[in-house]
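K.L.:
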Amino acid sequence: MTWLRAGYPEGIPTGDYVALLGVLRRRLHEDEIAEIVELLAQQRELGVTSERIRELIREYSLQDPYEADVERVTALLREAGYPVDGEEFPEDDEPDDEPDAETSEVDLQEPGPDGADRP
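One rule links them: number in this note's numbering = place in the sequence shown (from 1) + 15.
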């Protein structure tokens, strides 16, 4: 998950959820995406159940991302080392890697009451 941490050192803004899911779905199975989201939720100690995480993934997946957002997220992840164009994952950073204590955490930013990103 170092590519995700590198791509989003300040956390994942809610405005990127739909595009990020779209990009990740090109390479990862829904279970792998859920595992990543669960690890992120655990890091923030959000107390969100696996069931709720899968429900949120389905909700966000039903939305169509704007192409400009997909291009921006793709470029960001490519820069961070995510294999967006069919390349293989580096051996030391498979998508199911457990986070280690030496790497920074990636936060999911919770939307505000009106659905907008929080600062």
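Yeah, the Cβ is synthetic: ideal placement off N, Cα and C, and Gly gets one too.
1. Measure the beta-carbon distance from G22 to Y97 and round it to whole angstroms, keeping in mind my assumption that it falls under 8 Å.
2. According to the neighbour-count rule (16 or more other Cβ atoms, all chains shown, within 10 Å of its Cβ), is Y81 buried or exposed?
3. Are there three or more Cβ pairs, one per stretch, closer than 8 Å when the stretch 28 to 42 is compared with the stretch 86 to 93?
4. Can you grab the Cα-Cα spacing for the pair P24 / E74, in whole Å?
5. How would you label I72, buried or exposed, when you count the other beta carbons within 10 angstroms and need 16 or more for buried?
6. How long is the line joining the alpha carbons of L54 and L19, rounded to whole angstroms?
7. Alpha carbons only, please: which of A83, R93 and A56 is nearest the one belonging to I68?
8. Here's the rule I'm using: 16 or more other beta-carbon atoms within 10 Å means buried, otherwise exposed. How should L77 be labelled?
9. Grouping DSSP H, G and I as helix and E and B as strand, with all else coil, what is R93?
10. Does the separation of the CB atoms of I48 and L39 fall below 8 Å?
11. Do you know offhand how far R93's Cα is from S65's?
P.N.:
Let's see:
1. 7 Å
2. Exposed, since its Cβ has fewer than 16 Cβ neighbours within 10 Å.
3. With the cut-off at 8 Å, the stretch 28 to 42 and the stretch 86 to 93 touch.
4. Rounded to whole angstroms, P24 to E74 spans 25 Å at the Cα level.
5. buried
6. 12 Å
7. If we check each option's Cα against that of I68, A56 comes out closest.
8. exposed
9. DSSP places R93 in helix when its eight states are reduced to three.
10. yes
11. 28 Å
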